[in-house]
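A.B. asks: First to last, the sequence lines map onto chains A and B. First residue of the first sequence? That's 509 in our numbering, and the numbers climb one at a time after it. First residue of the second sequence? That's 1244 in our numbering, and the numbers climb one at a time after it. Here a beta-carbon is modelled for each residue, glycine too, at the ideal position from N, C-alpha and C. Just so we're clear, the structure is a prediction, and the values are computed from it rather than from any experiment. Next up is a structure, given as structure tokens.
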Amino acid sequence: MVNCSAAAAVGLRVVRGHNEVLHEVSFDIPSGGVTGLLGPSGSGKTTLLRCILGVQKITAGTINVLGRPAGSPALRSQVGYASQSASVYDDLTVAENLRYFAAALRAPASDVDRVIDAVDLDDYRSRLTGRLSGGQRSRVSLAVAMLGNPKLLVLDEPTVGLDPVLREELWELFHQLASDGVTLLVSSHVMEEAERCDALLLLRDGRMLAYDSPSALMQRTGTGTMDEAFLHLVRAA
Amino acid sequence: MNFRLLLATARRVLTQLSHDPRTVTMLVAVPSLLMIMLRYVFDSAAFFDHIAPALLGFFPFLMMFLITSITMLRERTSGTLERLLTTPMGKLDLLGGYGLAFSVIAALQVVLAVLISLALGLSVAGSIAWLLIVALLNALLGLAFGLLASAFARSEFQAVQFMPVVVLPQLLLCGLFHPRAEMATVLRWASDVMPLSYAVDALQRATAASSLSGTYWRDVLIVLGCALAGLGLAAATLRRRTD
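If you want it as structure tokens, here you go:
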């Protein structure tokens, strides 16, 4: 059952300059559902996500995504990615951005309308991306990640700076995608978002604190909120 | 290399430019305006015949160097490059797309500048096509050098600083200001390894004689070779996996 695992790492280490950013991280995230990657800023979340995408130089350890080594050419149309800063062209309109990335991903042209609709940007499709608000730009970036029906969606802090209504809508979208069979890996530094995930991977100072479901983590630590559970785990570590 | 992805990239780059009419106007018109200025600064038809061919090659080189280094740097810093490299898009599809899109702009620029120069009295003994070939190759050379420079620049500020480092020495030593054969030995050596020297030599040969010598084709091949080598090196600086 090679396809069981969406992303699996063994002894993953990343050293940047003299800093060890990730220390011997090992996990096995099964396919399906929304996995939250939580930790304070600077804990190595983005580096870990970049390892999964295969764009990060790895010092030691192995990482497999959908049964293949991360970064394999075969994965390029199966893994969607939205980085923390919206990686889109500011001097193109929303629709032009999506048309270009759809071509790059060899996704059908009809996908453009589907993803614009999914992130609720219909009214802005002819607007230059650079003229949009921060939240709207990150939704354009999210729409790009959804092009071509990827099996795994890697989203780096997709809800930062969004108003509560929009955040709510995005989480509904994430669960909708998960119920369609997409595996989502969503990073966040806001513990409130943890409870919306099916599983959590807690990261602190480049070390993995825990990997479990939110309820199991609270039960194990005998706490009532994720914030308390996180604190408990940090002190126990 | 995938031709469809290359075309999609070229179309995307031209669409970006279409949202910026001021840049396009300046790219296309400024070299021609400078040619007009030069014609009347010296006010001598003979002197214009001497410098115009070299400048018809220099302007596309300079412009392409500048816009390529800045656009590519933006592509790197905005994260769009990293994103593209996580898709099936190949490095050559991306670079080729840029090459194609900017060549279209360079062609407009060069054709307009050549027409204006002819109207100003530039005498071309041979075929105008020989002149256009070298001028367009120079645009490609500027593109290749610009791509390379973007790999070594961390900000747009630094990218612009590469212009005097990479472009100005080539202009000073290409034979336009002083015959290359009469330069001090060390300067001549430097001039000998700079591609712009061969481009200017080819341009002067194309305008001076009614038939082409083997030296013209040698020059053309050297410029083409340098442009391709630059593109190859630039492709090597695009890494899918970074620190």
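Determine the extent of the alpha helix (DSSP H) in which Pro1438(B) is found, giving its start and end residues.
C.D. replies: Numbered from 1 along the second sequence, position 195 holds the residue referred to as residue 1438(B). Where Pro1438(B) is concerned, the enclosing alpha helix (DSSP H) stretches over 1438-1451.
A.B. asks: With H, G and I counted as helix, E and B as strand and the rest as coil, what does DSSP make of Phe535(A)?
C.D. replies: As a working note, residue 535(A) is residue 27 in the first sequence. In this structure, Phe535(A) counts as strand in the three-state DSSP scheme.
A.B. asks: DSSP three-state label for Glu528(A), please.
C.D. replies: Here the question's residue 528(A) lines up with position 20 in the first sequence. Note: Glu528(A) maps to strand in three-state DSSP.
A.B. asks: Can you give the beta carbon distance from Gly1389(B) to Thr1320(B), rounded, assuming they're within the 8 Å contact cut?
C.D. replies: Taking the first residue of the second sequence as 1, we reach residue 1389(B) at position 146. Taking the first residue of the second sequence as 1, we reach residue 1320(B) at position 77. Actually they are not in contact, since the Cβ atoms of Gly1389(B) and Thr1320(B) sit about 15 Å apart, beyond 8 Å.
A.B. asks: Jot down the residue ranges of each uninterrupted alpha helix (DSSP H) in the region 1281-1358 of chain B, minimum 4 residues, whole runs only, in chain order.
C.D. replies: 1288-1320, 1323-1328
A.B. asks: Measuring straight from C-alpha to C-alpha, what distance separates Leu1361(B) and Trp1373(B)?
C.D. replies: Residue numbering aside, residue 1361(B) sits at position 118 when the second sequence is read from its first letter. Residue numbering aside, residue 1373(B) sits at position 130 when the second sequence is read from its first letter. Taking the straight line from one Cα to the other gives about 14 Å.
A.B. asks: Please confirm if Leu636(A) has its CB atom under 8 Å from at least one CB of chain B.
C.D. replies: As a first step, residue 636(A) is located in the first sequence; it is residue number 128 there, counting from the start. Yes, Leu636(A) counts as interfacial toward chain B.
A.B. asks: Helix, strand or coil: which one does DSSP assign to Gln564(A)?
C.D. replies: Counting from one through the first sequence, the residue named residue 564(A) turns up at place 56. DSSP places Gln564(A) in strand when its eight states are reduced to three.
A.B. asks: Taking Cβ-Cβ distances below 8 Å as the criterion, which residues of the region 1309-1334 of chain B are in contact with chain A?
C.D. replies: Residues Ser1321, Gly1322, Thr1323, Glu1325, Arg1326, Leu1327, Leu1328, Thr1329, Thr1330, Pro1331, Met1332.
A.B. asks: Would you call the region 706-718 of chain A and the region 542-559 of chain A in contact, with 3 or more CB pairs under 8 Å?
C.D. replies: yes
A.B. asks: Grouping DSSP H, G and I as helix and E and B as strand, with all else coil, what is Met1426(B)?
C.D. replies: Translated into the one-based positions of the second sequence, residue 1426(B) becomes position 183. Coil.
A.B. asks: Are the CB atoms of Ala1402(B) and Ala611(A) within a distance shorter than 8 Å?
C.D. replies: Sequence index remark: in the first sequence, residue 611(A) carries index 103 (1-based). Sequence index remark: in the second sequence, residue 1402(B) carries index 159 (1-based). No, they are not a contact pair.
A.B. asks: What residues in the region 1392-1408 of chain B bring their beta carbon closer than 7 Å to a beta carbon of chain A?
C.D. replies: none
A.B. asks: Along the chain, where does the beta strand (DSSP E) that runs through Asp735(A) open and close?
C.D. replies: Locating residue 735(A) in the first sequence gives position 227, counting from the first residue. Element bounds for Asp735(A): not the beta strand (DSSP E) but the alpha helix (DSSP H), 734-744.
A.B. asks: Return the CA-CA distance between Asn1245(B) and Phe609(A), expressed in angstroms with no decimal places.
C.D. replies: What you label residue 1245(B) is simply residue 2 of the second sequence in a count that begins at 1. What you label residue 609(A) is simply residue 101 of the first sequence in a count that begins at 1. Near 15 Å, if we compare the C-alpha coordinates of Phe609(A) and Asn1245(B).
A.B. asks: Please state the DSSP three-state secondary structure of Val510(A).
C.D. replies: On the first sequence, residue 510(A) is found 2 positions in, with the first residue counted as 1. With a pLDDT of 45 at Val510(A), under the threshold of 50, the modelled position of this residue cannot be trusted; read the value that follows with caution. Helix, per DSSP.
A.B. asks: Helix, strand or coil, according to DSSP, for Leu1277(B) in the structure here?
C.D. replies: Here residue 1277(B) refers to the residue found at position 34 of the second sequence. Three-state DSSP puts Leu1277(B) in a helix.
A.B. asks: Quick one, which residues of the region 654-677 of chain A are near chain B if we go by CB-CB under 8 Å, in chain order?
C.D. replies: Taking 8 Å as the Cβ-Cβ cut-off against chain B, none of the residues of the region 654-677 of chain A qualify.
A.B. asks: Residues of chain B with CB under 8 Å from Val563(A), in chain order?
C.D. replies: One-based indexing of the first sequence puts residue 563(A) at position 55. Going along chain B in sequence order, the residues near Val563(A) (Cβ under 8 Å) are Glu1325, Leu1328, Thr1329, Arg1483, Arg1484, Thr1485.
A.B. asks: Could you tell me the alpha carbon to alpha carbon distance between Ile571(A) and Val623(A), rounded to whole angstroms?
C.D. replies: Taking the first sequence and counting its residues from 1, one reaches residue 571(A) at position 63. Taking the first sequence and counting its residues from 1, one reaches residue 623(A) at position 115. Inter-residue distance for Ile571(A) and Val623(A) is about 29 Å (C-alpha atoms, whole angstroms).
A.B. asks: From this set, Ala1350(B), His1421(B), Phe1400(B), Ala1295(B), which residue's C-alpha is nearest Val1271(B)'s C-alpha?
C.D. replies: For the purposes of this step, residue 1271(B) is taken as residue 28 along the second sequence, with counting starting at 1. Of the listed residues, the one whose Cα sits closest to Val1271(B) is Ala1350(B).
A.B. asks: By the DSSP assignment, the beta strand (DSSP E) with Leu709(A) in it spans what residues?
C.D. replies: In the first sequence, counting from the first residue as 1, residue 709(A) sits at position 201. Leu709(A) -> beta strand (DSSP E) spans 707-712.
A.B. asks: How would you list, in chain order, the residues of chain B whose beta-carbon sits under 8 Å from the beta-carbon of Asp599(A)?
C.D. replies: For the purposes of this step, residue 599(A) is taken as the residue at position 91 of the first sequence. By Cβ distance, chain B contributes Gln1259, His1262, Asp1263.
A.B. asks: According to the Cβ coordinates, are Val529(A) and Val522(A) closer than 8 Å?
C.D. replies: Residue 529(A) sits at position 21 when you count from the first residue of the first sequence. Residue 522(A) sits at position 14 when you count from the first residue of the first sequence. Yes, these two residues count as a Cβ contact at 8 Å.
A.B. asks: In terms of DSSP beta bridges, what is Val662(A) paired with?
C.D. replies: What you label residue 662(A) is simply residue 154 of the first sequence in a count that begins at 1. Per DSSP, Tyr589(A), Leu693(A).
A.B. asks: Note down, in chain order, every chain A residue with its Cβ under 8 Å from the Cβ of Ala1350(B).
C.D. replies: Along the second sequence, read from residue 1 onward, the residue named residue 1350(B) stands at position 107. The premise fails here: Ala1350(B) is roughly 22 Å from chain A at the closest Cβ pair, so nothing lies under 8 Å.
A.B. asks: What is the residue span of the alpha helix (DSSP H) that Arg728(A) lies within?
C.D. replies: As a position in the first sequence, residue 728(A) is number 220, starting the count at 1. Arg728(A) -> alpha helix (DSSP H) spans 722-729.
A.B. asks: How would you label Leu1248(B), buried or exposed, when you count the other beta carbons within 10 angstroms and need 16 or more for buried?
C.D. replies: The residue given as residue 1248(B) occupies position 5 in the second sequence. So Leu1248(B) counts as buried.
A.B. asks: Tell me the DSSP secondary structure of Arg1247(B) in three-state form.
C.D. replies: In the second sequence, the residue the question calls residue 1247(B) occupies position 4. Helix, per DSSP.
A.B. asks: So Val746(A) packs on Ala603(A), CB below 8 Å; how close in whole Å?
C.D. replies: Not covered by the structure: residue 746(A). The range shown for chain A is 509 to 745.
A.B. asks: Should Cys512(A) be labelled buried (16 or more other beta-carbon atoms within 10 Å of its own) or exposed?
C.D. replies: In the first sequence, residue 512(A) corresponds to position 4, counting from 1. Burial call: exposed.
A.B. asks: Run through the DSSP bridge pairs and tell me what Val523(A) is partnered with.
C.D. replies: As a working note, residue 523(A) is residue 15 in the first sequence. Val523(A) is bridged to Glu528(A).
A.B. asks: Pick from Thr601(A), Leu583(A), Phe535(A): whose alpha carbon is nearest that of Thr1329(B)?
C.D. replies: Looking up residue 1329(B) in the second sequence gives position 86. Comparing Cα positions, the closest option is Leu583(A).
A.B. asks: Using 8 Å as the limit for Cβ to Cβ distance, is Arg1423(B) near chain A?
C.D. replies: Taking the second sequence and counting its residues from 1, the one referred to as residue 1423(B) is at position 180. Not closer than 8 Å to any Cβ of chain A, the Cβ of Arg1423(B) fails to qualify, so no.
A.B. asks: Could you tell me the distance, in whole angstroms, from the CA atom of Gly579(A) to the CA atom of Leu1365(B)?
C.D. replies: Translated into the one-based positions of the first sequence, residue 579(A) becomes position 71. Translated into the one-based positions of the second sequence, residue 1365(B) becomes position 122. If you take the alpha carbons of Gly579(A) and Leu1365(B), they lie about 56 Å apart.
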